[in-house]
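Chemist: Pasting a structure below so you can have a look.
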Amino acid sequence: MSATAGQAQGERGLAERLGLKAGQVVQEVGWDEDCDEALRQSIEELTGNELVDEEYEDVVDVVLLWWRDGDGDLFDALSDAMTALADGGQIWLLTPKAGRDGHVEPSDIGEDATTAGLSQTSSISAARDWSGTRLVAPKARR
């Protein structure tokens with residue numbers, strides 16, 4: 001059964017809201033059964049590439065980091081995620097929305113991101129149960 005044009009547009013819109021583009025390589029970290037499959041599929045459809053996992057040994061354009069309260073140390077996870085990023089790459093930190101199991105307080109995200117040397121540039125509703133926070137390494141100031 002094929003998706004209707006409206007459904008297809010809506011699915012592409014999920015990945016487009018993340019600012020992703022065709023040809024980008026997206027590494028997925030922290031996948032579990034609670035992750036949003038529609039968002040994952042829309043990313044693969046828009047980029048034209050399958051999501052790569054933590055074992056991928058080349059640089060990536062984007063890291064999609066699914067994170068829940070209780071998953072461990074967010075600072076460590078962000079630091080690890082940065083090692084795979086190409087220059088100008090970004091991390092999309094996906095956390096459960098407020099009121100859902102595993103919700104992470106925005107103040108915790110801000111503190112750990114700053115400590116890891118990242119800047120928060122935007123926050124969106126990434127999927128039905130997930131919020132997205134875009135994190136980038138600040139450009140060097142001269």
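Quick note: the sequence shown, position 131, residue 131 per full-length UniProt numbering, numbers continuous.
For each residue, glycine too, the CB sits at the ideal point set by N, CA and C.
(1) Of the choices T95, T47, I109, L14, whose alpha-carbon is the least far from that of W130?
(2) Would DSSP call D80 helix, strand or coil?
(3) Along the beta strand (DSSP E) that carries L46, what are the first and last residues, could you check?
(4) Residue ranges of each beta strand (DSSP E) run of no fewer than 3 residues wholly in the UniProt region "Disordered" (102-142), ordered along the chain?
(5) Counting C-beta neighbours from all protein chains within 10 Å, is the total for D73 16 or more, i.e. buried, or is it exposed?
(6) Would you grab the beta carbon distance between W92 and L18 for me? Rounded to a whole angstrom, and I think it's under 8 angstroms.
(7) Could you spell out where the beta strand (DSSP E) holding G88 opens and where it closes?
(8) Less than 8 angstroms between the C-beta atoms of L39 and L14, yes or no?
(9) Leaving aside the five residues before and after V136 along the sequence, list all residues of the same chain whose C-beta is less than 7 angstroms from its C-beta, in chain order.
(10) So is D101 buried or exposed if we call it buried at 16+ other beta carbons inside 10 Å?
(11) Cβ-heavy atom distance between D129 and the ligand GDP below 7 angstroms?
(12) Is DSSP giving L74 helix, strand or coil here?
(13) Label V59 either buried or exposed according to how many other C-beta atoms from any shown protein chain fall within 10 Å of its C-beta, with 16 as the threshold for buried.
(14) Have a look at D76 and G48 and give me their C-alpha separation to the nearest angstrom.
Modeler: The answer reads as follows:
(1) If we check each option's Cα against that of W130, T95 comes out closest.
(2) Here DSSP, grouped into helix, strand and coil, assigns D80 to helix.
(3) Not the beta strand (DSSP E): L46 falls in the alpha helix (DSSP H), residues 37-47.
(4) If you keep only unbroken beta strand (DSSP E) runs of at least 3 residues inside the UniProt region "Disordered" (102-142), you get 119-127, 130-136.
(5) That one is exposed.
(6) Contact between W92 and L18 holds: their C-beta atoms lie close to 6 angstroms from each other, under 8 angstroms.
(7) For G88, the uninterrupted beta strand (DSSP E) segment begins and ends at 85-96.
(8) Taking 8 angstroms as the Cβ cut-off, L39 and L14 qualify as a contacting pair.
(9) Same-chain partners within the cutoff: Q90, L118, S119, T121.
(10) It counts as exposed.
(11) As far as ligands go, the structure on display features none, and thus does not contain the ligand GDP.
(12) L74: helix per DSSP, three-state reduction.
(13) Taking a 10 Å sphere around the C-beta of V59, we find fewer than 16 other C-beta atoms and assign the residue as exposed.
(14) Distance between the alpha carbons of D76 and G48: 30 angstroms.
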